[in-house]
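Participant: Protein chains in written order, with numbering that gives the first Met the number 0: chain R, 0 to 334; chain V, 0 to 334.
In this text, a Cβ means the ideal position worked out from N, Cα and C, and glycines have one as well.
A quick note: this is a predicted structure, and the numbers were derived from the prediction, not measured.
2 protein chains.
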Amino acid sequence: MKRSPTMKDVAYAAGVSVMTVSRAFKQDASVGEKTRQMIREKADELGYVFDATAANLRSQRSDFVAVTIPSLNNANFAATVVALTGKLSQAGYQVLLGHTNYDMMREEELIGQFLRRRPEAIIVTGGRHTERARQMLKNAGVPVIETWDIPPEPIGHVVGFSNADTMQLLVDHLVGMGRKRIAFMGGDSESDTRGQDRRDGFLAAMSGHGLQADRLVGSGAPQKPMQKGATAMGALLDQFPDTDAVICVSDLVGFGALSECQRRGIAVPDQIAMAGFGAYDIAEVCVPRLTTIDPKPTEIGECAAGLVLQLLSNASTAENKMIAPALIPAQSTSA
Amino acid sequence: MKRSPTMKDVAYAAGVSVMTVSRAFKQDASVGEKTRQMIREKADELGYVFDATAANLRSQRSDFVAVTIPSLNNANFAATVVALTGKLSQAGYQVLLGHTNYDMMREEELIGQFLRRRPEAIIVTGGRHTERARQMLKNAGVPVIETWDIPPEPIGHVVGFSNADTMQLLVDHLVGMGRKRIAFMGGDSESDTRGQDRRDGFLAAMSGHGLQADRLVGSGAPQKPMQKGATAMGALLDQFPDTDAVICVSDLVGFGALSECQRRGIAVPDQIAMAGFGAYDIAEVCVPRLTTIDPKPTEIGECAAGLVLQLLSNASTAENKMIAPALIPAQSTSA
DNA sequence: GGCAAGGATGTAAACGCTAACATCAAAGGG
DNA sequence: CCCTTTGATGTTAGCGTTTACATCCTTGCC
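(1) In terms of residues, what are the limits of the alpha helix (DSSP H) holding V:D171?
(2) Per the contact definition of three or more C-beta pairs closer than 8 angstroms, is the segment 293 to 303 of chain V in contact with the segment 72 to 81 of chain V?
(3) If we count the other Cβ atoms within 10 Å of its Cβ and call it buried at 16 or more, is R:G217 buried or exposed?
(4) Along the chain, where does the alpha helix (DSSP H) containing V:G159 start, and where does it finish?
(5) Consult DSSP for R:C285 and reduce its assignment to one of helix, strand or coil.
(6) In three-state DSSP terms, what is V:Q261?
(7) Mind checking the segment 265 to 281 of chain V against chain R and listing, in chain order, the residues whose C-beta falls within less than 9 angstroms of any C-beta there?
(8) By Cβ distance, which residues of its chain are closer than 7 angstroms to V:A234, with the 5 residues on each side in sequence left out?
(9) Is there a Cβ of chain V sitting closer than 8 angstroms to that of R:E283, yes or no?
(10) Below 7 angstroms CB to CB, which residues in the same chain sit around R:A139 once its five sequence neighbours on both sides are set aside?
(11) Exposed or buried, which one is R:A182 when buried takes at least 16 other CB atoms within 10 Å?
(12) Suppose the cutoff is 6 angstroms on Cβ atoms and the five residues either side in sequence are ignored; what does the same chain contact list for R:Q309 look like?
(13) V:K137 CB to nearest chain R CB: under 8 angstroms?
(14) So, R:V252 versus R:G200, is the Cβ gap smaller than 8 angstroms?
(15) Taking only beta carbons into account, state which residues of the segment 106 to 130 of chain R come closer than 7 angstroms to chain V, listed in chain order.
(16) Please look up how many angstroms separate the CB atoms of R:D148 and R:N162, rounded, as I've assumed it's under 8 angstroms.
(17) Less than 7 angstroms separating the Cβ of V:V157 from some heavy atom of the ligand GDP?
(18) Would you check if there are 3 or more beta carbon pairs closer than 8 angstroms linking the segment 15 to 35 of chain V to the segment 7 to 20 of chain R?
(19) With 8 angstroms as the threshold, decide whether the Cβ of V:D27 is near any Cβ in chain R.
(20) Work out the CA separation of V:P151 and R:R197 for me, nearest whole Å.
(21) Quick one: using the 10 Å Cβ neighbour count with 16 as the cut-off for buried, is R:G155 buried or exposed?
(22) Check whether the segment 85 to 92 of chain R touches the segment 36 to 46 of chain R, taking contact to mean three or more Cβ pairs, one atom from each stretch, closer than 8 angstroms.
(23) V:R178 versus chain R: which residues are under 9 angstroms apart at the beta carbon?
(24) Report the three-state DSSP secondary structure of V:E108 (helix, strand or coil).
(25) Please tell me whether V:A51 has its Cβ less than 8 angstroms away from any Cβ of chain R.
(26) Only counting the same chain, and skipping five residues up and downstream in sequence, which positions put a Cβ closer than 7 angstroms to that of R:M104?
(27) Mark R:E106 as exposed unless 16 or more other C-beta atoms lie within 10 angstroms of its C-beta, in which case mark it buried.
(28) Out of V:Q93, V:C285, V:V284 and V:P118, state which residue places its alpha-carbon closest to the alpha-carbon of R:E108.
(29) Report yes or no: do the segment 200 to 215 of chain R and the segment 266 to 278 of chain R share at least 3 C-beta pairs separated by less than 8 angstroms?
(30) If distances are taken between C-alpha atoms only, which option among V:M166, V:P224, V:I292 and V:P324 comes closest to R:I281?
(31) How many angstroms separate the CA atom of V:L236 from the CA atom of V:A274?
(32) Per DSSP, which residues does R:V64 bridge with? Please list them.
(33) Tell me which residues of the segment 213 to 246 of chain V have at least one Cβ-Cβ distance to chain R shorter than 9 angstroms, keeping chain order.
(34) Would the beta-carbon of V:S339 fall within 8 angstroms of that of V:G277?
(35) Round the Cβ separation of R:L311 and R:P153 to the nearest angstrom and send it over; I've been treating them as touching at under 8 angstroms.
(36) Opposite R:C247 in the DSSP bridges: which residues?
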């Protein structure tokens with residue numbers, strides 16, 4: 000396998016200096032238009048491929064933005080990443096994406112590996128990290144953005160919302176529909192901190208209405224949420240048969256619960272109202288349609304990308320962005 | 000913002016040469032255990048972070064493996080990527096992931112950008128690419144693996160299965176259950192080549208059984224498949240009311256179709272049998288459970304990673320891996 | 001005790017590119 | 001007509017690491 004050609008080879012073939020070749024491959028450089036064309040042609044002939052590694056080393060700019068999310072297979076995180084990638088790649092950055100599988104140790108490891116690539120900014124999901132991870136992020140010397148949460152002690156910038164406060168919307172809605180014996184499903188997994196926050200918010204909102212909030216049922220780790228939701232619904236019905244509403248930690252768990260109701264012949268919403276979280280596609284399609292909260296994942300991604308670009312352009316400071324999730328009421332909680 | 004410390008700084012602080020520091024950060028290098036400890040300590044004190052860019056340039060090894068998938072938000076591609084990432088990161092490689100949004104032009108662009116990072120292997124999804132993309136992959140000088148398909152003209156190695164042939168399993172199953180007026184939903188989108196292959200396979204399988212296969216209904220581009228499935232089911236029922244079975248291009252489309260049946264009071268499977276593709280979680284949870292095909296996405300990822308590691312270790316050639324998808328029969332096609 | 005073998009460390013150069021500065025020709029202004 | 005300005009190109013050095021080789025000090029063996 001022959002060594003791939005370098006700028007030197009292109010320069011020789013084009014009869015110019017290496018520097019001119021370098022300029023021919025930049026956007027704004029001052030090169031004669033004719034020369035540039037000619038160099039590009041020669042480069043194509045030789046099969047030259049620009050070496051970003053060498054360029055990065057010399058210019059001390061990697062054009063990388065590191066992003067970590069808990070799970071690849073999640074429509075919400077995916078939407079955030081899609082928005083991020085779109086906006087950042089337009090600005091010439093490349094996203095270095097990694098998934099932690101909801102594991103803070105894996106996140107720490109991933110951040111360590113990413114830092115070796117000298118990213119120009121780091122976007123992480125959530126506000127809870129290992130102590131070492133926090134240190135690494137703090138010392139990274141580049142903008143750090145925590146998303147999807149309002150961390151108690153932000154490391155750098157934040158684009159997110161309070162998962163806890165948002166539950167107020169759902170509880171208010173259900174109480175407004177006359178429901179009182181409301182259960183919460185999920186939020187028991189150590190690894191899903193957003194789920195925990197939602198459960199905490201549920202407890203607070205219930206207490207605000209003077210309602211008892213002891214109908215809590217776990218749905219386990221965030222993997223296979225639909226299956227877990229179905230199982231959990233069984234447990235809930237066995238334990239608290241007179242429940243008249245269920246708020247689920249996510250739409251996926253909610254759909255599992257919904258299908259278990261269907262299997263058992265329990266009418267939703269007549270007998271039990273059901274609500275989810277996340278505005279996943281399934282909430283819009285299932286029967287009955289699922290009341291949910293839209294956390295605006297695309298907006299999170301766009302705002303985070305905007306913040307990064309702002310912080311990387313003018314060194315001036317930039318504002319955190321608060322996201323305002325919206326209630327989407329549907330059949331599953333009506334009447 | 001102060002410049003981040005380099006090996007030189009660590010070397011000075013530790014009273015050794017840069018080379019010794021370099022060796023202290025490698026696994027197998029010959030450094031005194033005491034010296035290594037000491038250097039590591041000094042490095043931590045200084046907040047030294049290894050610079051992979053410089054290392055890559057000098058050693059001409061990037062430790063990157065580039066991977067492109069059509070969509071981030073797809074449980075099957077995600078599972079493949081998770082398997083890939085797991086196996087490759089254990090071997091010390093970092094995955095450079097990009098999504099094409101089912102757009103071959105975007106794929107071409109992405110491959111071009113990835114190549115600048117000098118990945119040591121490239122794994123793409125599917126066997127259809129733009130001519131320029133094919134050229135880039137061929138000339139990349141590194142292993143290329145096409146997954147999820149059996150390309151008519153493979154560029155390098157292949158880990159996949161025939162989407163067309165796999166449809167035989169579903170058609171045989173439905174015919175075995177006594178269904179004859181079988182429709183196919185989806186496969187009309189230019190951008191979803193696997194969907195097209197599945198529809199072609201459906202036509203071939205039907206013809207093999209001597210059955211008419213004119214009940215075709217499109218479900219459009221692969222975005223929002225559930226919603227599209229619901230709409231398409233409406234169209235199908237209007238156009239071919241006497242249909243007794245539907246094979247959907249994916250479980251997600253299938254679930255949309257299923258929910259539309261539920262809305263319209265059409266009994267599945269009594270009146271119409273329904274089958275999907277992909278073995279998504281939802282197929283296992285919905286009511287009735289959806290008959291589907293398991294394309295073994297994790298196996299695809301593991302085999303692809305295995306192939307990459309094999310090709311990168313000993314320069315010997317390695318075998319393509321054929322995946323054998325499996326039928327998972329369920330209620331939606333029984334009786 | 002001498003000498004080979006091997007482990008630990010050091011020195012110099014290079015990976016492929018770009019920042020910074022220098023050079024040169026053509027153009028423009030008084 | 002000379003001097004400044006501008007645009008196009010070249011020269012040099014260096015980004016932070018590792019390769020390749022050299023050196024030195026042990027260690028073990030006859």
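Facilitator: To lay it out plainly:
(1) Indexing the second sequence from 1 puts residue 171 of chain V at position 172. Unbroken alpha helix (DSSP H) run through V:D171: N162 to G175.
(2) yes
(3) Looking up residue 217 of chain R in the first sequence gives position 218. R:G217 is buried by the Cβ-count criterion.
(4) Taking the second sequence and counting its residues from 1, the one referred to as residue 159 of chain V is at position 160. No alpha helix (DSSP H) holds V:G159; the beta strand (DSSP E) holding it covers H156 to G159.
(5) Within the first sequence, the letter at position 286 stands for residue 285 of chain R. When DSSP states are grouped into helix, strand and coil, R:C285 belongs to the coil group.
(6) By 1-based counting over the second sequence, the position of residue 261 of chain V is 262. Of the three classes helix, strand and coil, the one that applies to V:Q261 here is helix, per DSSP.
(7) Against chain R - using a Cβ distance shorter than 9 angstroms - the residues of the segment 265 to 281 of chain V are D280 and I281.
(8) One-based indexing of the second sequence puts residue 234 of chain V at position 235. Correct list, in chain order: V216.
(9) Here the question's residue 283 of chain R lines up with position 284 in the first sequence. Yes, R:E283 counts as interfacial toward chain V.
(10) Within the first sequence, the letter at position 140 stands for residue 139 of chain R. L114 and I121, listed in sequence order.
(11) As a position in the first sequence, residue 182 of chain R is number 183, starting the count at 1. It counts as buried.
(12) Counting from 1 along the first sequence, the entry for residue 309 of chain R is found at position 310. Excluding positions up to five away in sequence, the list reads A317.
(13) The residue given as residue 137 of chain V occupies position 138 in the second sequence. With 8 angstroms as the cut-off, V:K137 does not count as an interface residue toward chain R.
(14) Sequence index remark: in the first sequence, residue 252 of chain R carries index 253 (1-based). Sequence index remark: in the first sequence, residue 200 of chain R carries index 201 (1-based). No, the pair does not count as a contact, with Cβ atoms beyond the cut-off.
(15) Q112, L114, R115, R116 and R117
(16) Walking along the first sequence from the start, residue 148 of chain R turns up at place 149. Walking along the first sequence from the start, residue 162 of chain R turns up at place 163. Yes, they are in contact, since the Cβ atoms of R:D148 and R:N162 sit about 7 angstroms apart, within 8 angstroms.
(17) Although the ligand GDP was asked about, the structure shown includes no ligands whatsoever.
(18) no
(19) As a first step, residue 27 of chain V is located in the second sequence; it is residue number 28 there, counting from the start. Not one chain R Cβ lies under 8 angstroms of V:D27.
(20) Numbered from its first residue, the first sequence carries residue 197 of chain R at position 198. Numbered from its first residue, the second sequence carries residue 151 of chain V at position 152. C-alpha separation (whole angstroms): 50 angstroms.
(21) Against the first sequence, residue 155 of chain R aligns to sequence position 156. With 16 or more other Cβ atoms within 10 Å, it is buried.
(22) no
(23) Along the second sequence, read from residue 1 onward, the residue named residue 178 of chain V stands at position 179. Neighbours of V:R178 on chain R: none; closest Cβ ~24 angstroms, over 9 angstroms.
(24) Mapped onto the second sequence, residue 108 of chain V falls at position 109. Looking at V:E108 - three-state DSSP - the assignment turns out to be helix.
(25) As a first step, residue 51 of chain V is located in the second sequence; it is residue number 52 there, counting from the start. With its beta carbon less than 8 angstroms from one in chain R, V:A51 belongs to the interface.
(26) For the purposes of this step, residue 104 of chain R is taken as residue 105 along the first sequence, with counting starting at 1. Cβ neighbours of R:M104 beyond the five flanking positions: T129.
(27) Residue numbering aside, residue 106 of chain R sits at position 107 when the first sequence is read from its first letter. Label assigned to R:E106: buried.
(28) Position 109 of the first sequence holds residue 108 of chain R. Looking at the Cα atoms, V:Q93 is the closest of the given residues.
(29) Using a Cβ-Cβ distance cut-off of 8 angstroms, the segment 200 to 215 of chain R and the segment 266 to 278 of chain R are not in contact, since fewer than three pairs of beta carbons, one from each stretch, lie closer than that value.
(30) Position 282 of the first sequence, counted from the start, is the residue given in the question as residue 281 of chain R. Of V:M166, V:P224, V:I292 and V:P324, the residue nearest in Cα terms is V:P224.
(31) Position 237 of the second sequence, counted from the first residue, corresponds to residue 236 of chain V. Position 275 of the second sequence, counted from the first residue, corresponds to residue 274 of chain V. Cα to Cα, V:L236 sits roughly 16 angstroms from V:A274.
(32) Within the first sequence, the letter at position 65 stands for residue 64 of chain R. Note: R:V64 sits in a beta bridge opposite R:V94 and R:A120.
(33) K223, P224, M225, Q226, G228 and A229
(34) Any property of residue 339 of chain V remains undetermined from this structure, which presents chain V solely from 0 to 334.
(35) Numbered from 1 along the first sequence, position 312 holds the residue referred to as residue 311 of chain R. Numbered from 1 along the first sequence, position 154 holds the residue referred to as residue 153 of chain R. Not confirmed; about 19 angstroms, so no contact.
(36) The count along the first sequence starts at 1 and reaches residue 247 of chain R at position 248. DSSP, once it has assigned bridges, lists R:M184 as partnering R:C247.
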